[in-house]
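Participant: Here it is, the structure in full.
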Amino acid sequence: MDLGIRGKKAIVCASGKGLGRGCAMALAEAGCDLVVNGRNADQLAKTAAELRERFGVKVTEIVGDVSKREVQKALLAACPDPDILVNNNGGPPFRDFRELDREKILEGVTQNMVTPVELVQAVIDGMAERGFGRIVNITSLSVYVPIPGLDLSSGARAGLTSFLAGVARTVIDRNVTINNMLPGKIDTDRLRPPHEAGTPEDPAAAAARKTEAAANVPAKRLGTPEEFGQICAFLCSVHAGYLTGQNIPVDGGAYVSAF
1 MDLGIRGKKA
11 IVCASGKGLG
21 RGCAMALAEA
31 GCDLVVNGRN
41 ADQLAKTAAE
51 LRERFGVKVT
61 EIVGDVSKRE
71 VQKALLAACP
81 DPDILVNNNG
91 GPPFRDFREL
101 DREKILEGVT
111 QNMVTPVELV
121 QAVIDGMAER
131 GFGRIVNITS
141 LSVYVPIPGL
151 DLSSGARAGL
161 TSFLAGVART
171 VIDRNVTINN
181 MLPGKIDTDR
191 LRPPHEAGTP
201 EDPAAAAARK
211 TEAAANVPAK
221 RLGTPEEFGQ
231 ICAFLCSVHA
241 GYLTGQNIPV
251 DGGAYVSAF
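Residues 1 to 259 (the UniProt record's numbering) are what the sequence shown spells out, left to right.
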């Protein structure tokens with residue numbers, strides 16, 4: 001399917017690896033020029049080089065934590081009039097809520113709620129004036145299904161969901177949409193045990209880990225960043241202009257609800 005977004009400009013946050021990388025790859029395949037971002041300069045450069053080589057699109061790298069205002073400014077300076085914004089950021093680590101002090105709570109809320117709201121504020125009016133805009137927020141299935149130990153991440157992302165639900169309805173008449181993707185168990189580093197960056201995983205151990213992790217998933221497998229990215233690209237396409245303010249679980253059927 002031609003997604004109708006060839007030549008569009010996209011900012012994809014936290015896209016050096018994992019889900020963000022999957023989204024960047026799919027958007028590049030659809031013909032978008034990209035501004036990519038990540039904290040690890042080497043990993044980001046590797047991803048950017050692959051995007052250019054495979055898809056022949058323009059790619060600009062902005063290194064740093066997107067929660068920092070200076071990094072946000074650099075993203076917007078590199079692409080002041082984006083057609084597409086994919087909000088993504090790492091979440092707080094697994095931790096009992098009793099261990100959270102005010103500083104950690106504020107940091108988590110800044111990462112997973114305040115930062116994406118700030119970026120939406122910066123781009124949404126320009127999108128509306130130009131008559132096209134697609135905003136996709138990568139949140140988590142834990143917005144629907146709380147996970148003890150990820151309370152801060154769940155709360156911040158749920159706050160973002162509610163915050164933007166009303167905003168989404170104010171701009172769809174100008175062809176700007178805001179939707180959320182809720183990943184379940186996707187095969188990224190977040191599901192791996194602690195390891196040294198770049199260290200390959202033993203194939204047998206990896207297979208056993210994935211089988212165990214997927215045991216309670218109806219699909220009986222983990223999702224891939226690539227298929228996650230393709231769903232993101234569709235939400236950013238010209239074909240998704242009548243879809244806004246929605247939460248899309250990408251979880252292999254793990255979230256059980258008829259409605």
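Every residue gets a Cβ at the ideal spot worked out from N, C-alpha and C, and that includes glycine. Note that this is a predicted model, so its numbers are computed, not measured.
1. Does DSSP put residue 1 in a helix, a strand or coil?
2. As a quick exercise: from 58, 240, 161, 232, pick the residue whose alpha carbon is nearest that of residue 109.
3. Spatial neighbours of residue 13 within its chain, please: CB distance less than 7 Å, with the 5 preceding and 5 following residues excluded, ordered by chain position.
4. Where does residue 151 sit, in a helix, a strand or coil, going by DSSP?
5. Determine the closest residue to residue 127 out of 18, 84, 215, with distance taken between C-alpha atoms.
6. Who pairs with residue 179 in a beta bridge, going by DSSP?
7. Compute the Euclidean distance between the alpha carbons of residue 241 and residue 3, then round it to the nearest angstrom.
8. Grab the span of the beta strand (DSSP E) containing residue 250 for me, first residue to last.
9. Tell me the rounded alpha-carbon separation between residue 135 and residue 212.
10. Are the CB atoms of residue 76 and residue 122 within a distance shorter than 7 Å?
11. Kindly list the residues whose CB is nearer than 6 Å to the CB of residue 25, restricted to its own chain and excluding five residues on each side of it in sequence; keep chain order.
12. Applying the 10 Å Cβ sphere with the 16-neighbour rule, what's the burial state of residue 113?
13. Pull up the DSSP beta-bridge partners for residue 87, would you.
14. Output the distance between the C-alpha atoms of residue 244 and residue 169, rounded to the nearest integer angstrom.
15. Need the endpoints of the beta strand (DSSP E) that residue 123 sits in, please.
16. The alpha helix (DSSP H) with residue 204 in it runs from where to where?
17. Within 10 angstroms of its Cβ, does residue 251 collect 16 or more other Cβ (buried), or is it exposed?
18. I'd like to check one pair, residue 184 with residue 254: are the Cβ atoms closer than 7 Å?
19. Relative to the alpha-carbon of residue 115, which residue among 129, 249, 133, 139 has its alpha-carbon at the smallest distance?
20. Measure from the alpha carbon of residue 175 to the alpha carbon of each residue in 220, 1, 125, 221, then state which is nearest.
21. With distances taken between CB atoms, is the gap from residue 27 to residue 233 smaller than 7 Å?
22. Between residue 141 and the rest of its own chain, which residues show a CB-CB distance below 7 Å, the 5 nearest in sequence each way excluded?
23. Would you mind giving the Cβ-Cβ distance between residue 11 and residue 31, rounded to the nearest angstrom? I have them listed as a contact below 8 Å.
24. Taking Cβ positions, are residue 188 and residue 56 nearer each other than 7 Å?
Facilitator: With the structure as the only source:
1. coil
2. 161
3. 20, 37, 66, 86, 87, 88, 89
4. helix
5. 84
6. 136
7. 12 Å
8. 247–250
9. 34 Å
10. yes
11. 229
12. buried
13. 137
14. 7 Å
15. Unbroken run through residue 123 is the alpha helix (DSSP H), 115–130; no beta strand (DSSP E).
16. 203–213
17. buried
18. yes
19. 139
20. 125
21. yes
22. 182, 183, 184, 249, 251, 254, 255
23. No, residue 11 and residue 31 are not in contact; Cβ-Cβ is about 16 Å, not under 8 Å.
24. no
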